[in-house]
Amino acid sequence: MAWREECGVVAVYGHPEAANLAYLGLYALQHRGQESAGIAASDGRQVRCVRGMGYVADVFSSEQLARLPGALAIGHTRYSTAGESSADNAQPFSVVCNKGHLAVAHNGNLTNGISLRRQLEREGSIFQSTSDTEVVLHLVARSREWDLAAALREALLELEGAFSMVFLAQDRVIVARDPYGFRPMSLAQMELSGGRTCYVFASESCAFDLIGATYLSEIEPGEMVIAGPHGLVRERYAPRRRTAFCVFEHVYFSRPDSIVFGRAVNESRERMGRLLAREHPVEADVVVPVPDSGVAAALGYAAESGIPFRHGLIRNHYVGRTFIEPSQAIRDFGVKLKLNPVRSVLEGKRVVLVDDSIVRGTTCRKIVRMVRQAGAREVHLRISCPPVISPCFYGVDTPTKKELIAANSSIEEIRRFVDADTLGYLSLAGLREAVCDADGDYCYACYTGRYPTELVNFEELIAQPRSRR
Ligand code: AMP
Numbered sequence: 046m047a048w049r050e051e052c053g054v055v056a057v058y059g060h061p062e063a064a065n066l067a068y069l070g071l072y073a074l075q076h077r078g079q080e081s082a083g084i085a086a087s088d089g090r091q092v093r094c095v096r097g098m099g100y101v102a103d104v105f106s107s108e109q110l111a112r113l114p115g116a117l118a119i120g121h122t123r124y125s126t127a128g129e130s131s132a133d134n135a136q137p138f139s140v141v142c143n144k145g146h147l148a149v150a151h152n153g154n155l156t157n158g159i160s161l162r163r164q165l166e167r168e169g170s171i172f173q174s175t176s177d178t179e180v181v182l183h184l185v186a187r188s189r190e191w192d193l194a195a196a197l198r199e200a201l202l203e204l205e206g207a208f209s210m211v212f213l214a215q216d217r218v219i220v221a222r223d224p225y226g227f228r229p230m231s232l233a234q235m236e237l238s239g240g241r242t243c244y245v246f247a248s249e250s251c252a253f254d255l256i257g258a259t260y261l262s263e264i265e266p267g268e269m270v271i272a273g274p275h276g277l278v279r280e281r282y283a284p285r286r287r288t289a290f291c292v293f294e295h296v297y298f299s300r301p302d303s304i305v306f307g308r309a310v311n312e313s314r315e316r317m318g319r320l321l322a323r324e325h326p327v328e329a330d331v332v333v334p335v336p337d338s339g340v341a342a343a344l345g346y347a348a349e350s351g352i353p354f355r356h357g358l359i360r361n362h363y364v365g366r367t368f369i370e371p372s373q374a375i376r377d378f379g380v381k382l383k384l385n386p387v388r389s390v391l392e393g394k395r396v397v398l399v400d401d402s403i404v405r406g407t408t409c410r411k412i413v414r415m416v417r418q419a420g421a422r423e424v425h426l427r428i429s430c431p432p433v434i435s436p437c438f439y440g441v442d443t444p445t446k447k448e449l450i451a452a453n454s455s456i457e458e459i460r461r462f463v464d465a466d467t468l469g470y471l472s473l474a475g476l477r478e479a480v481c482d483a484d485g486d487y488c489y490a491c492y493t494g495r496y497p498t499e500l501v502n503f504e505e506l507i508a509q510p511r512s513r514r
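Position one of the sequence shown corresponds to residue 46 (the working numbering), numbered consecutively onward.
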């Protein structure tokens, strides 16, 4: 089962070029998933869907987009996970059932996806993919409620875990977020000629910027929003409860130009860097980020410490496209493909190297080695979040506990493994302060091992095969 789903989703209601807008939205959300992409659109009568493997720009040609007419569309871009890299798992999923045409796209992970699926299979349901998202369509189809919104309400209440979902029916778009609000989802609008309003939903606000839509608000945790013939209808389908926004969205996953959980990501990251400098000061000549993930935090570290910020590592942005591997094994080939050191910045310097996180430690170790080989005299590694000690069951691709270096080693052991002169992580209190979480609204399970939900089938979840990276 594909249960580690880091994804981007978008939905458009009320625009004559809905599929084109969905395409642009996905283009802006490409960082949330590069394995597959898909768009489903409705012209009011028929729901059509195009899905494929690869980058958004590779999946859709203008001819393909032209095959998606209508004023309503939803889109999805999916992250790669091991063994599950197949077109069958590309979303949106689209079916015709007793509630009409229905398509769905999902960001997050259902912690009871496996048990729901088993139960449905025992009762005769046939699945086309290994993704737990399909479960939702079966639940909707089986509901005795005849009205789609009522059937959805019923289905959503059966789900546990993380989901920000977009649904497309013939004449409406429905968006729902789990009661904890693990994964983000926001709403924007566009005024069209003739006084008409177009509504756009997306995982991150950077998608709105590209298409010129104005950010309005987050979708509330436990909220369902229907954009349809009656305009925009917002309702709670689940009672209000403590929220658990994924802090890793602010640490790493979201784009820094996005507003996520109502807060600017760049502000959080710079603040993480500033607090990191206060918690782990060091005498050094340059602050160098690991691009792109460490840039905003490194700027914060440099501003707070007064040590100059320099680009000492340059990233090749085209990695992942076609390249020819050399037949002879080259040491650290993978990292060299992506990053190249700037010798003139690093040679003879005491370097503060800033990255957002250490997961297994293997990439970090190669980068530290690269910086040393470029002539750095000292390398002080600074990480803008606490040690990752526990896997995520809510949609972030983290390895099992066994592979998480901080779950099995002390900070001194990690420092020795990555071969840094010193190593400092941002504290949990620092991270909370950086995202302005005075009320405990965020999930920190990957740093604490304390999960906000009961983990259904915990044993099965942790036994899942590891994903890529
Ligand atoms: P590692 O060698 O496993 O410690 O890799 C750490 C690097 O992976 C850091 O530079 C992070 O920016 C990046 N990273 C952290 N979490 C993820 C994730 N869920 N998916 C992809 N990359 C990640």
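Cβ coordinates follow ideal geometry from the N, Cα and C atoms, glycine included.
At the level of alpha carbons, what is the spacing between residue 393 and residue 206?
50 Å
With DSSP collapsed to three states, give me the class of residue 143.
coil
Could you tell me if residue 121 is buried or exposed, where buried requires 16 or more neighbouring beta carbons within 10 angstroms of its beta carbon?
Residue 121 should be labelled buried.
If you draw a straight line from the C-alpha of residue 441 to the C-alpha of residue 239, how long is it?
The straight-line gap from Cα to Cα measures roughly 42 Å.
For my contact list, residue 262 and residue 299 are in at a C-beta cut-off of 8 Å; report their separation, rounded to the angstrom.
Wrong, their Cβ atoms sit about 17 Å apart, outside the cutoff.
Taking residue 460 as the reference, give the member of 436, 420, 418, 414 with the closest Cα.
414
Does the ligand AMP have a heavy atom nearer than 7 Å to the CB of residue 400?
yes
Please state whether the Cβ-Cβ distance between residue 55 and residue 63 is less than 8 Å.
no
For residue 381 and residue 317, what's the separation of their Cα atoms in angstroms?
27 Å
Proximal residues to residue 182 (C-beta, below 8 Å), its chain only, five neighbours per side dropped
138, 140, 142, 147, 149
Count Cβ pairs between the region 422 to 438 and the region 460 to 475 that sit closer than 8 Å; are there 3 or more?
yes
Under DSSP, the beta strand (DSSP E) around residue 359 begins and ends at which residues?
In the DSSP annotation of this structure, the continuous segment of the beta strand (DSSP E) that includes residue 359 starts and ends at 358 to 360.
How many Å lie between residue 190 and residue 153 at the Cα?
26 Å
Does DSSP put residue 96 in a helix, in a strand, or in coil?
strand
For the pair the region 246 to 256 and the region 293 to 310, tell me if three or more CB-CB distances fall below 8 Å.
The answer is yes - the region 293 to 310 touches the region 246 to 256, with three or more Cβ pairs under 8 Å.
Tell me, please, which residues DSSP counts as bridged to residue 412.
Its beta-bridge partners do not exist; DSSP assigns none.
Among 72, 463, 277, the one whose alpha carbon lies nearest that of residue 404:
Looking at the Cα atoms, 463 is the closest of the given residues.
Extract the residue ranges of the beta strand (DSSP E) inside the region 412 to 446, only unbroken runs of 3 or more that lie entirely within it.
423 to 428
DSSP has residue 55 in a bridge; who is on the other side?
Answer is 120, 247, bridged to residue 55.
Counting along the chain, where does the beta strand (DSSP E) carrying residue 156 start and finish?
Taken as a continuous stretch (DSSP letters only), residue 156 belongs to no beta strand (DSSP E), as it is neither H nor E.
Quick check: the region 98 to 108 against the region 276 to 287, are there 3 or more CB pairs under 8 Å?
no
Along the chain, where does the beta strand (DSSP E) containing residue 234 start, and where does it finish?
231 to 236
Would you tell me roughly how many angstroms separate the C-alpha atoms of residue 494 and residue 445, rounded to the nearest one?
12 Å
Please report the Cβ distance between residue 423 and residue 466, rounded to the nearest whole angstrom; I am assuming they are in contact, meaning their Cβ atoms lie under 8 Å.
5 Å
Entirely enclosed alpha helix (DSSP H) segments - the region 247 to 304, minimum 4 residues
Listed in chain order, the complete alpha helix (DSSP H) runs (minimum 4 residues) inside the region 247 to 304 are 251 to 256.
Is the Cβ of residue 400 closer than 8 Å to any Cβ of chain C?
Structure shown: chain C not included; a single protein chain is present.
What residue from 449, 336, 275 has the CA that sits closest to residue 361's CA?
336
Which listed residue (279, 341, 352, 70) has its alpha carbon closest to that of residue 267:
If you compare the alpha carbons of 279, 341, 352, 70 with that of residue 267, the shortest gap goes to 279.
Residue 332 by DSSP, collapsed to three states: which one?
strand
What are the partner residues of residue 222, as DSSP defines its beta bridges?
Residue 222 pairs with 209.
Buried versus exposed, by CB contacts within 10 Å (16 or more), residue 328:
exposed
Quick one: using the 10 Å Cβ neighbour count with 16 as the cut-off for buried, is residue 386 buried or exposed?
buried
Secondary structure of residue 242, DSSP reduced to three states
Looking at residue 242 - three-state DSSP - the assignment turns out to be strand.
Cβ contact (3+ pairs, closer than 8 Å) linking the region 81 to 88 and the region 155 to 174
no
Straight-line gap, residue 270 to residue 434 (C-alpha atoms, nearest Å)
36 Å
For the ligand AMP, any of its heavy atoms closer than 7 Å to the Cβ of residue 456?
no
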